[in-house]
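Be aware that the sequence shown starts at 1232, since it is given in my numbering, and climbs by one per residue. Note that beta-carbon positions come from the ideal geometry of N, C-alpha and C, so glycine has one too. Here the structure is a predicted model, which is why all the values come from computation and not from measurement. This report refers to the structure that appears directly beneath it.
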Amino acid sequence: MTINPAKFKVARFDGTGNFGLWQRRVKDLLAQQSLQKALRETKPTYMDDTDWAEMKEKVAGLIRLSVSDEVMHLILDLTTPKEVWD
């Protein structure tokens, strides 16, 4: 069975809704794309540095795209997916 993650959308978190539900949906979306590993601080041993850096960049961007401008201002200077996620 093939799942097309592009068909799944997560409503942007604006700081007023249920953060836990939004976070779960984003984590599920990351899992659908096999990107949830980037939420950890340490690189998996089987990944090379280039792949790890690309994955982290993708995940941080996906999280930033999933929040409103108001929330974006709070996370603008954060660089790693773990920092943005927490």
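Tell me whether residue i is buried or exposed, calling it buried when 16 or more other Cβ atoms sit within 10 Å of its Cβ.
i: M1286; result: buried
i: L1296; result: exposed
i: A1242; result: exposed
i: P1275; result: exposed
i: L1261; result: buried
Could you check how far apart the C-beta atoms of residue i and residue j are, in whole angstroms? I think they sit under 8 Å.
i: S1299; j: F1244; result: 7 Å
i: A1291; j: T1310; result: 7 Å
i: E1301; j: G1246; result: 6 Å
Comparing C-alpha positions only, which one of the options sits nearest to residue i?
i: P1312; options: Q1263, A1269 and D1259; result: A1269
i: Q1264; options: D1279, H1304, K1240 and L1305; result: K1240
*Could you pull out every unbroken alpha helix (DSSP H) segment of at least 4 residues lying fully inside the stretch 1237 to 1314, listed in chain order?*
1250 to 1263, 1280 to 1296 and 1300 to 1306
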